[in-house]
Amino acid sequence: MSSPLVVVALVQAKPGHETALVKAQAELVAIARVQPGCLSYELHESISEPGKVVFFERWRDRVSWERHMRSPHMDAFRANAGHLIGAFELLHLHQVA
1 MSSPLVVVAL VQAKPGHETA LVKAQAELVA IARVQPGCLS YELHESISEP
51 GKVVFFERWR DRVSWERHMR SPHMDAFRAN AGHLIGAFEL LHLHQVA
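For the sequence shown, position 77 matches number 77 in full-length UniProt numbering, and the numbering has no gaps at all.
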């Protein structure tokens, strides 16, 4: 059996949109946590840089994560809040120790 897929998303809001973006991102958490294959889904905001967030996600496998990314709730997020994102980096990881 393969190890779970770990996803880390680093996101920075555009200046002036920090509160709105974090609110929209926070709304994703409860929805994502009940998606098939989601093992954990957490959102953390920087203490020193409002609007800079990190998602820590664990998925049973890549297929589960891809299904989540193609879901209606992610389409709605991108349509409603995607324009608030200033910078984005996505890491796909597997635990080695």
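Glycine included, each C-beta is placed from N, C-alpha and C at the ideal position.
These numbers come from a predicted model, not from an experiment.
Please determine whether the Cβ atom of residue i lies at a distance below 6 Å from any heavy atom of the ligand ADP.
i, result
"H73", "Among the components of this structure there are no ligands whatsoever, and the ligand ADP is therefore not found."
What is the DSSP secondary structure of residue i, reduced to helix, strand or coil?
i, result
"H83", "helix"
"H68", "helix"
"E12", "Reading the sequence as shown, one finds Gln at residue 12 and not Glu. It is a strand residue."
"H92", "strand"
From the options, pick the residue whose C-alpha is nearest to that of residue i; which is it?
i, options, result
"C38", "E66, Q95, A76", "E66"
"V29", "V96, A97, H68, Q12", "H68"
"A81", "V22, S3, P15", "V22"
"H94", "T19, R62, A20", "R62"
"V34", "H73, K14, S3", "H73"
"G16", "V96, A97, H83, A26", "H83"
"A76", "S2, E27, H92", "E27"
How would you write the range of the alpha helix (DSSP H) that residue i sits in, first residue to last?
i, result
"E42", "Looking at the DSSP string, E42 is not in any alpha helix (DSSP H); the run it does join, the beta strand (DSSP E), is 38-45."
With respect to the beta strand (DSSP E) encompassing residue i, which residues constitute its N-terminal and C-terminal limits?
i, result
"E27", "Not the beta strand (DSSP E): E27 falls in the alpha helix (DSSP H), residues 18-33."
"R60", "Segment: none, R60 is in no beta strand (DSSP E) and carries neither H nor E."
- Counting pairs of Cβ atoms below 8 Å between the region 77-92 and the region 35-49, do you hit three or more? Touching, no.
- Query: Is the region 3-23 touching the region 54-61, taking contact as three or more C-beta pairs under 8 Å?
  - Reply: Touching, yes, given that three or more Cβ pairs across the two stretches are closer than 8 Å.
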